[in-house]
Amino acid sequence: MDCRWRIELAAARVKLLTPKMLLERMQGKDDSPLRALVGGVRDAPQRQRTLRDSIEWSYDLLNESDRILFARLAVFRGGCPLEAIESICGEALPVPVFEGLESLVDKSLVQQKETTAGEPRYTLLEMIHEYASERLEASGEAVMLRRRHAEYFVALAEQAEPELRLARFDYWCERFEIDLDNIRAVLEWTLHDGEVSLGVRLAGALGIFWYGTGYHVEGGRWCERLLNRLDDVSVIYHPNFLITSGHMSMV
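Residue 68 in our numbering is what sits at position 2 of the sequence shown, and the numbering runs on without skipping anything.
What follows is the structure, given as structure tokens:
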């Protein structure tokens, strides 16, 4: 994946530099960002540093709208669908989210894949995600974005909960399994930095998913951690969570 990304990044730079200029920069000074594109295993620590330089260089070439969207994408873990990006990251962008994603994909900073249902899903490679996370923290939007991220998945789970009992069980189980890293990120955030009540609502709505897909052990651990953060008065206002927690403890 790392080698493929380096090739894609080089290809993206052809649009800005002539092939001759690109080759000269690749063969130039050791600390040139483009040296990372031809680095080998022998200089792995240096190559990692120069790969970061290459990412930073690509970021510096983005327009302001693409920079904002790129940083905001760090709030997701394991990728996300277009709908989620539009809902969580689209506020106050000068251009539509789709155009920004198209630009970032074109520059190889974002990967586009398809789910088994043929729906597009957007991901960041790990090293790119780390850099985007730094930009998100520096932007001052991290707290706001993580709250939106949590609220989005809580609302999605609560929307799905009655349908999990009926005809759309398979659809929602597949959807949540694809987004399991996002769900875990939300639960972790609510336990450490966010509102525990959001995590409780999310866990309460995911009981059927956890039970029906074999994630009951993990679900039980999340419920136990959340339960330890609630007092006796608060917990009675979350009946779905109590039911889910009880079921997980009996499996």
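All residues carry an ideal CB built from backbone N, CA and C; glycine is no exception.
Checklist entry - Which residues share a DSSP beta bridge with residue 173? => result The partner list for residue 173 (beta bridge, DSSP) is empty, contrary to what the question assumes.
Next on the checklist: I want to know whether the segment 217 to 229 touches the segment 182 to 192 - three or more CB-CB distances under 8 angstroms.
Outcome noted: no
Checklist entry - Would a check of beta-carbon distances place residue 155 closer than 8 angstroms to chain C? => result Structure shown: chain C not included; a single protein chain is present.
Item to check | Backbone CA spacing between residue 171 and residue 177 [nearest angstrom] | outcome: 6 angstroms
Checklist entry - Does the distance from the CB of residue 218 to the CB of residue 150 come in under 8 angstroms? => result yes
Next on the checklist: I'd like to know whether the C-beta atoms of residue 266 and residue 304 end up nearer to each other than 8 angstroms.
Outcome noted: yes
Checklist entry - What span of residues does the alpha helix (DSSP H) with residue 187 cover, start to end? => result It is not in any alpha helix (DSSP H) - residue 187 instead sits in the beta strand (DSSP E) that spans 186 to 189.
Checklist entry - Based on the DSSP secondary-structure assignment, which residues constitute the bridge partners of residue 146? => result 188
Next on the checklist: Quick check on DSSP: helix, strand or coil for residue 224?
Outcome noted: helix
Item to check | Limits of the alpha helix (DSSP H) - the one that residue 290 falls within | outcome: 282 to 293
Checklist entry - With distances taken between CB atoms, is the gap from residue 223 to residue 257 smaller than 8 angstroms? => result no
Next on the checklist: Judging by CA-CA distance, which residue of 294, 316, 255 and 240 is the nearest neighbour of residue 279?
Outcome noted: 240
Item to check | Beta bridge counterpart(s) of residue 180 as assigned by DSSP | outcome: 186
Checklist entry - So what's residue 304 in DSSP terms, helix, strand or just coil? => result coil
Checklist entry - In chain order, what residues of the same chain lie with their CB nearer than 7 angstroms to the CB of residue 213, ignoring the 5 residues before and after it? => result 260
Checklist entry - Heavy atom of the ligand GDP less than 7 angstroms from the Cβ of residue 274, yes or no? => result The ligand GDP is absent from the structure shown, which contains no ligands of any kind.
Item to check | Whole-angstrom C-beta distance between residue 216 and residue 252, which should lie under 8 angstroms | outcome: 5 angstroms
Checklist entry - Can you give the Cα-Cα distance for residue 301 and residue 309, rounded to whole angstroms? => result 11 angstroms
Next on the checklist: In whole angstroms, give me the CA-to-CA distance for residue 294 and residue 182.
Outcome noted: 38 angstroms
Next on the checklist: Once DSSP output is grouped into helix, strand and coil, what is the label at residue 157?
Outcome noted: coil
Checklist entry - Which term fits residue 311, buried or exposed, when burial requires 16 or more other beta carbons within 10 angstroms of its beta carbon? => result buried
Item to check | Same chain only: Cβ atoms within 6 angstroms of residue 307, ignoring 5 sequence neighbours per side | outcome: 266, 269 and 270
Checklist entry - Start and end of the alpha helix (DSSP H) containing residue 141? => result Here residue 141 belongs to no alpha helix (DSSP H), and DSSP marks it neither H nor E.
Item to check | Separation of residue 198 from residue 140, as counted between CA atoms | outcome: 5 angstroms
Item to check | Backbone CA spacing between residue 110 and residue 221 [nearest angstrom] | outcome: Reliability fails at residue 110, whose pLDDT of 48 lies under 50, so the model's placement of it is uncertain and the value that follows must be treated cautiously. The alpha-carbon atoms of residue 110 and residue 221 are separated by roughly 43 angstroms.
Next on the checklist: So, at 7 angstroms on beta carbons, what are the nonlocal neighbours of residue 291 in its own chain, with the 5 sequence-adjacent residues on each side left out?
Outcome noted: 257
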